[in-house]
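Residue numbers (our numbering): 1440 to 1509.
Heads up, the beta-carbon is just placed ideally off N, CA and C, and yes, glycines get one too.
Structure below.
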């Protein structure tokens, strides 16, 4: 019901694509900053998207954990 591997693979591919031209970064902090900014871009892009099938998954998860969380 929940598909996440495509989103994860796409994110990793984009991070690699952005780091590749920078073969020699000045420091680890510079690489971390590139990764952070890439993830921030993806968060903004995906914030308004609705995941296909998530409504059904959400209902199933609520039923599974109803006792625990209600």
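Kindly indicate the opening and closing residues of the alpha helix (DSSP H) around residue i.
| i | result |
| --- | --- |
| residue 1446 | 1444 to 1458 |
| residue 1431 | This structure leaves residue 1431 out entirely; the chain is present only between 1440 and 1509. |
| residue 1499 | 1493 to 1503 |
Taking C-beta to C-beta, are residue i and residue j nearer than 7 Å?
| i | j | result |
| --- | --- | --- |
| residue 1444 | residue 1481 | no |
| residue 1470 | residue 1476 | no |
Of all the options the options, which has the alpha carbon lying nearest to the alpha carbon of residue i?
| i | options | result |
| --- | --- | --- |
| residue 1447 | 1478, 1491 and 1464 | 1478 |
| residue 1456 | 1473, 1468, 1466 and 1467 | 1473 |
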